[in-house]
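Here the structure is laid out as structure tokens; the discussion comes afterwards.
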Amino acid sequence: MNILLWHVHGSWTTSFVHGKHRYLVPATPDRGPYGLGRARTYTWPESATEVSPEQLRDAEVDVVILQRPEELDLATEWLGRRPGRDLPAIYVEHNTPKDGDVPHSRHPMADRDDLLIAHVTAFNELFWDTGATRTTVVDHGIVPPAVEYTGELDRLAVVINEPVRRWRVTGTDLLPRFAEIAPLDVFGMKVAGLADYLGLPADRLMSHDDVPQHRMHAELARRRAYLHLCRWTSLGLSLIEAMSIGMPVVALATTEAAMAVPPDAGALSTRVDTLLAAADRFVAQPQQARRAGLAARAAARERYGLDRFLADWDRLLEEEVCG
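So this is what it looks like as structure tokens:
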């Protein structure tokens, strides 16, 4: 199939474009949010092709993958065809509702009969009110990281994008408490200067801003444990990637993390003191950390494998496009 989709979430799109189809990814001269084009810090196959808005007018498109409400009108303008009316459309919902009205949050694509909403977690499907719009869940899948856990550094790894802006959502306010246990390495976008913002010395928190994925994985694998303090996000693919590497996890038992992280893969709790104790234990006892990491790796590879993810999407695309 020829699939039109925007590059919105790097890790998810990386998995998606590893399928057997041709992926048309809009690219604009400014490389802005609606024309980012191919990834720069992820490895994508050649089947993911950049197209300009002008080229889309005459492009053969079998299905449109929408990920933001405004893409519906944008696709109509660029294609000259209306997704959901003139060609099939699937709306992928990546996020938990953040409108301040949980549990009554109304999805922007609610009560439509012209598209399907595909949630990336069952938690998201549960918490969004989509009315009469058809929904399904396609659990995440990841391209397996090409590194194995060593855990030789008695440091804790964290992956957060925009930790200052998102603050309590990503648990950024909790980081200083864990920095007392062990030094933190924070990877992600817009993490530069985080130590100063939190009032931490540089030897307790080091930022690694927008590191290419393969390099980030190699660095994560050297840290003793992975710290996941998100209060209200969907299910970060970096968490699954860390588990697949073989890292033990210290995580808040919130949203879909409660389903993704089995008890023997580390520590999962809503009590921060429990997580602090677990982090301290993993730093002090490398062999215990390694055992938990093996359980994390087995769980991640069983549930979030790339082959399962792509097979699920192939079935869904076949149903929506071919009936």
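The sequence shown begins at 136 in the working numbering and counts up by one. Idealized CB from N, CA, C, for every residue including glycine. Bear in mind the structure is a predicted one, so any value in this text is a computation, not a measurement.
Using alpha carbons as the reference points, say which of D193, A427 and N296 lies closest to E212. Position 77 of the sequence shown, counting from 1, holds the residue named residue 212. Measuring from the Cα of E212, the nearest candidate turns out to be D193.
Put A183 into one of helix, strand or coil per three-state DSSP. Within the sequence shown, numbered from 1, the residue matching residue 183 stands at position 48. Here A183 sits in strand by DSSP.
Output the residue ranges of the beta strand (DSSP E) runs that lie fully inside the stretch 232-294 and measure 3 residues or longer, sorted by chain position. 251-254, 269-272 and 288-294
Within 10 Å of its beta-carbon, does V237 have 16 or more other beta-carbons around it, so buried, or fewer, so exposed? The residue given as residue 237 occupies position 102 in the sequence shown. Counting Cβ neighbours within 10 Å, V237 comes out exposed, since fewer than 16 surround it.
In chain order, what residues of the same chain lie with their CB nearer than 7 Å to the CB of A413, ignoring the 5 residues before and after it? Against the sequence shown, residue 413 aligns to sequence position 278. Counting only Cβ-Cβ distances below 7 Å, and skipping sequence neighbours, we find V385, G401 and A402.
Rounded to whole angstroms, what is the Cα-Cα separation between R269 and F151? Looking up residue 269 in the sequence shown gives position 134. Looking up residue 151 in the sequence shown gives position 16. Between R269 and F151, the C-alpha separation is close to 21 Å.
Just to confirm, are G286 and C365 a CB contact at a threshold of 8 Å? In the sequence shown, counting from the first residue as 1, residue 286 sits at position 151. In the sequence shown, counting from the first residue as 1, residue 365 sits at position 230. No, they are not a contact pair.
Using a Cβ-Cβ cutoff of less than 7 Å, which residues in the same chain neighbour D464 once the five nearest sequence positions on both sides are dropped? Here the chain has residues from 136 to 458 only, and residue 464 is not among them.
Inter-residue spacing [alpha-carbon to alpha-carbon] between L410 and E455: In the sequence shown, residue 410 corresponds to position 275, counting from 1. In the sequence shown, residue 455 corresponds to position 320, counting from 1. In a straight line, the C-alpha of L410 is about 43 Å away from that of E455.
Count Cβ pairs between the stretch 304-318 and the stretch 169-182 that sit closer than 8 Å; are there 3 or more? no
Tell me the DSSP secondary structure of G145 in three-state form. As a first step, residue 145 must be located in the sequence shown, where it is residue number 10. In the structure shown, G145 sits in a helix (DSSP, three-state: H, G or I).
Fully enclosed by the stretch 353-436, which alpha helix (DSSP H) runs are 4 residues long or longer? 372-380, 392-395 and 407-419
The ligand PLP and R438: does the residue's C-beta get closer than 7 Å to at least one heavy atom of that ligand? Annotation note on the ligand PLP: not contained in the displayed structure, which lists no ligands.
Nearest chain B C-beta to A419 closer than 8 Å, yes or no? Checking the listed chains, one finds no chain B in this structure; it contains a single protein chain.
Below 8 Å, can you find three or more Cβ-Cβ pairs linking the stretch 274-288 to the stretch 378-395? yes
For D289 and I103, the rounded distance between their alpha carbons: The structure shown has nothing for residue 103, since the chain only spans 136 to 458.
Since V199 contacts A224 with CB under 8 Å, what's their CB separation in whole angstroms? Taking the first residue of the sequence shown as 1, we reach residue 199 at position 64. Taking the first residue of the sequence shown as 1, we reach residue 224 at position 89. Indeed they touch by this definition, with Cβ atoms about 5 Å apart.
Extent of the continuous alpha helix (DSSP H) run through A317: Residue mapping note: residue 317 aligns to position 182 of the sequence shown, counting from 1. Looking at the DSSP string, A317 is not in any alpha helix (DSSP H), and its letter there is neither H nor E.
Does the beta-carbon distance from Q202 to V227 come in below 8 Å? The residue you call residue 202 lines up with position 67 of the sequence shown. The residue you call residue 227 lines up with position 92 of the sequence shown. Yes; because the gap between Cβ atoms is below 8 Å, this pair is in contact.
L261 burial status per 10 Å Cβ neighbour count (16 or more: buried): One-based indexing of the sequence shown puts residue 261 at position 126. L261 comes out exposed.
Once you ignore the five residues that flank Q348 on each side, which residues in its own chain have a CB closer than 8 Å to its CB? By one-based count along the sequence shown, residue 348 stands at place 213. Excluding residues within five positions, the ones whose Cβ falls inside 8 Å are G145, S146, T149, T176, Y177 and T178.
Going by beta-carbon coordinates alone, are M341 and E297 separated by less than 8 Å? As a working note, residue 341 is residue 206 in the sequence shown. As a working note, residue 297 is residue 162 in the sequence shown. No, these two residues do not count as a Cβ contact at 8 Å.
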